Every structure is written in C-alpha cells, then in structure tokens.
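Q:
In full-length UniProt numbering, the protein residues as written are 1 to 434.
#1: Suppose you measure from the CA of residue 277 to the CA of residue 172; what does that come to, to the nearest Å?
#2: Which one of 345, 87, 235 and 284 has the shortest CA to CA distance from residue 303?
#3: How many Å lie between residue 280 and residue 333 at the Cα?
#4: Between 73, 124, 362 and 237, which has its C-alpha nearest residue 89's C-alpha?
#5: Under a Cβ-count criterion, where at least 16 other Cβ atoms within 10 Å of its own Cβ denotes burial, should residue 297 be classed as buried or exposed?
#6: Alpha carbons only, please: which of 151, 201 and 190 is nearest the one belonging to residue 76?
#7: Would you call residue 80 buried or exposed, if buried means 16 or more other Cβ atoms sit within 10 Å of its Cβ?
#8: Leaving out five residues on either side along the sequence, give the residues of the same chain with a beta carbon under 6 Å from the beta carbon of residue 360.
#9: Would you kindly check if the distance between the Cβ of residue 123 and the Cβ of residue 191 is under 8 Å?
#10: When the distance is taken between beta carbons, is residue 240 closer than 8 Å to residue 436?
#11: What does DSSP give as the partner residues of residue 316 in its beta bridges?
#12: What first and last residue would you give for the beta strand (DSSP E) that runs through residue 381?
#13: Would you call residue 69 buried or exposed, if buried means 16 or more other Cβ atoms sit within 10 Å of its Cβ?
#14: Should residue 396 be labelled buried (16 or more other beta-carbon atoms within 10 Å of its own) or exposed?
#15: Near residue 220, which residues of its chain fall below 6 Å by C-beta distance, leaving aside the five closest residues on each side in sequence?
#16: Are the Cβ atoms of residue 286 and residue 353 separated by less than 8 Å?
#17: Which word fits residue 151, buried or exposed, when buried means at least 16 other C-beta atoms lie within 10 angstroms of its C-beta?
#18: Could I get the ranges of all uninterrupted alpha helix (DSSP H) runs contained in the segment 50-81, with 4 residues as the minimum, in chain order?
#19: Does the distance from the CB of residue 91 to the CB of residue 63 come in under 8 Å?
#20: Select from 379, 362, 363 and 348 the residue whose C-alpha is nearest the C-alpha of residue 370.
#21: Counting only the same chain and skipping the five closest in sequence on each side, list residues whose C-beta sits under 6 Å from that of residue 307.
#22: From this set, 119, 365, 292 and 338, which residue's C-alpha is nearest residue 348's C-alpha?
#23: Quick check: the Cα distance between residue 305 and residue 314, rounded to an integer number of angstroms?
#24: What does the alpha-carbon distance come out to for the pair residue 148 and residue 156?
#25: Who does residue 353 pair with in a DSSP beta bridge?
#26: In terms of DSSP beta bridges, what is residue 369 paired with?
#27: For residue 189, list the residues DSSP reports as bridge partners.
#28: Quick check: residue 230 and residue 49, are their CB atoms within less than 8 Å of each other?
#29: What separation, rounded to the nearest whole angstrom, lies between the Cα atoms of residue 101 and residue 182?
#30: Opposite residue 329 in the DSSP bridges: which residues?
#31: Tell me where the beta strand (DSSP E) around residue 253 begins and ends.
#32: Please report the straight-line C-alpha distance between residue 316 and residue 301, rounded to a whole angstrom.
#33: Taking only three categories from DSSP, how would you classify residue 137?
#34: Could you tell me whether the Cβ atoms of residue 325 and residue 253 are closer together than 8 Å?
#35: Are the beta-carbon atoms of residue 227 and residue 198 separated by less than 8 Å?
#36: With 16 other CB atoms within 10 Å as the buried threshold, where does residue 215 fall?
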C-alpha cells in the first residue's frame, strides 16, 4: 500500500506551513516594525501637514550672555537633526535687469560682510538669504531680506547692517568674487550642505532661538538651522520672489545699481575700492581738465584750483551730496592719472585758491589720494565735521601748541650765546721727595 502523500501532491499540512512562512512571517515583521517607530511617526506626519497658524514670527536676534568657551560648549551639546536634509531647489531670479543688478549687490554685501572673503562661507550665506526670500515669514525681495531690521541699532537680521561693519571697504578682488558668487546663486546654483536653513550663527554665540530650531549643518565656524515642523519642510519654500528690489543707499558707495542707475539724475559711478583699484583707475581714459574748467561744476562739485602738474585738485562740494558719495569724485578727476589728490571743502568754506593756510587745511572736509605705482589709495574724512564708524578713515587733526608760560622773576635770553669750551690744563706730576 501506498500513502496518499506519495502521489506527488503536497500534503495539506505542508500547504499550511508554507502559507505561514511566506505570508504570516512578513506580516508579523511588518507589524513589529510599525510598532517600534510609532512615537517617531507622529512628528513626521505633522511635518507633512500645513498648519492653520501663520508663519513663525521673525524676532530680533538676542544672545545669551555667555563667554566664548561657554557658548561653544552649549552649541556642541545641541545635536544635529536626524531628519532628512534635502538640498534647496534652484533659485532663478526673474526680475528686471535693474532689479537683478540690485539683488546681486545686496546678496554680495551679505556674503562678504557675514562670511568674509571665503568662497565656501559666502555660498552658504547666499543660500540662506535665498531660502528666506522663498519663505512666507520673510520679505519678498533679496534686498528686503538682507536689510531687514537695519533701522534698529541692535537686533537686525544680518548684523553687518547695524553694527558699523559697512564702514569697512572690501578689496576690489574680494568684491568682484562676491558678486560672481551672487550671480551664480541667483541663476540657480545651489549650496546643498545647508539645505533649507533660514538661520545661522557663529559657534561662539548662542541666540535665544537656537534651542527651538533644528540644527542641520555646520560650515566652518557657522552653524545652520531650520524651523521645526511644516515650516521647515520644502513645501513651505514655494513662494516666488517679488519684483521691485528696493534701493539701498547704504551700499551706494559699493554699487552703481543702488545709486539710481546710470541714467538717473545725479547718478554717480561706483566707489573706487581698496586694493588694486588705483592701478585700474589710472588705466582708464583721462578727462581733460585744464584752466578753462576753473570755477565750473564737474561731477557735482565746483573746481577751485589745479596744482602744477595736474596731480592735485581743489574742489567745493555740493550742498546735497552725502559724505559716502565723495570718494566717487576720483572717477572724474583721477582717472588716467598715476598720481592724484583731491582736496574738498564744504560749500561756503572753500579757499579761493593756492597756496593754502594752516586754517584752510584744517577746515578741509574730505581728501582722496592714490599712487598707482605703490598701490596707495586712501579716502579720508574730517571727522570733526563728519563722524565715521571706522576711525582709520579720519584725517589727522593738527594739535595746536600752547606758548610756554612766562615765569615771574626769570629773564629770558633774546639770543643764543656761543660758549667756548677749553680743554682742561695738563696735570703736572709733583716732584718726588728725597
């Protein structure tokens, strides 16, 4: 006799075992895995659903009173988020050519004053600015984001806009490098490591908001953060930038685009920057400025006198010109000249011509000098008349010497007396005693 199981068909019990292996076991594993991250799935689900509340408020930056070592220890104790850190979508600027020019220079200013002349740091700063432009919690323009809160003495969003840093002048090479990075960012180049970060700070300070945001990256000494929940996810960054970049006069000395453009009345050329700019300026075409120009208005100032050799120019400033625009005079008077000096006085205080007295030198409001052979280039203000945040931009003031006081009972000599000093007489040895 043979058993039914020998007919080639599996036994019914074997079907049940196979069913348990191929269906039941995976189901049990899936159920077990679903139980383990249950507490983690809830915040993830919350991140995927837009809240009914408005975007988070952007408060002025306030710092805890900690020294550097304490701040670094505090920051190191904050763990990096374990949630995904996707790269931001490319940002493609769509405004007018004028808006683009203004956006480039606002972004370049944020980069170079926040990160210094460091290409990697500048790219990270540019990405944060553009992330903010896309987020509904911030202004809709690049310049609006960069200079948000600039009217406050403290608490601006980017500290360089309210701490006096704009008084420093970047080198020509550094400024052009920053502009190139800004152009690339506005044309879609993405700096992936900071993802959708909207906040950052150096590791030696601790802002009040640092514990309430997700820390997602570090670039050099800077730590980068994004909002928690839905407002830190990619769908929150869908807003398109707005056209109409504002004019920011505070960077007009760096940017022609923020002087109203080349066709605007009274527009000025960009500031001659430090570094190699003296040689660049000397290589430009020279304007013909001769005696026939004396008393005439040129570049918004009145020409008073020309020193022999046409290397120095005395001018009277216009009444409405702002002090930060005075260095642009070099574009007119010093272009094409290897050596050049401009001496300027406010309206109503200018001398009639050369030579100058000591008091006239003291009343000078502004001076510019360059020498392309040595690379010397300086712009100096009379800080008794115009205060400057950077004291290196102040002229040296003459210190008057007070006459020596008369001392009662002491007769002063009216002339020098020649005193003849004779050598001492020779020493004669005494005769020896017998």
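Note that the Cβ used here is the ideal one computed from N, Cα and C, for glycine as well. Computed from a prediction, not measured in an experiment: that's the story for all the values here.
A: Based on what the coordinates show:
#1: 6 Å
#2: 345
#3: 14 Å
#4: 237
#5: exposed
#6: 201
#7: Exposed is the call here.
#8: 351
#9: yes
#10: No answer is possible for residue 436: it lies beyond the span of the chain, which begins at 1 and ends at 434.
#11: 302 and 345
#12: 376-381
#13: exposed
#14: exposed
#15: Answer for residue 220: 121, listed in chain order.
#16: no
#17: exposed
#18: Counting whole runs of 4 or more residues, the segment 50-81 contains the alpha helix (DSSP H) stretches 68-77.
#19: no
#20: 379
#21: Hits under 6 Å: none found.
#22: 365
#23: 5 Å
#24: Spanning the two alpha carbons is a distance of roughly 6 Å.
#25: Residue 353 pairs with nothing; no bridge assigned.
#26: 341 and 378
#27: DSSP lists no partner for residue 189.
#28: One thing to note: residue 230 has its Cβ within 8 Å of the Cβ of residue 49.
#29: 10 Å
#30: DSSP, once it has assigned bridges, lists no residue as partnering residue 329.
#31: No beta strand (DSSP E) holds residue 253; DSSP gives it neither H nor E.
#32: 6 Å
#33: coil
#34: yes
#35: yes
#36: buried
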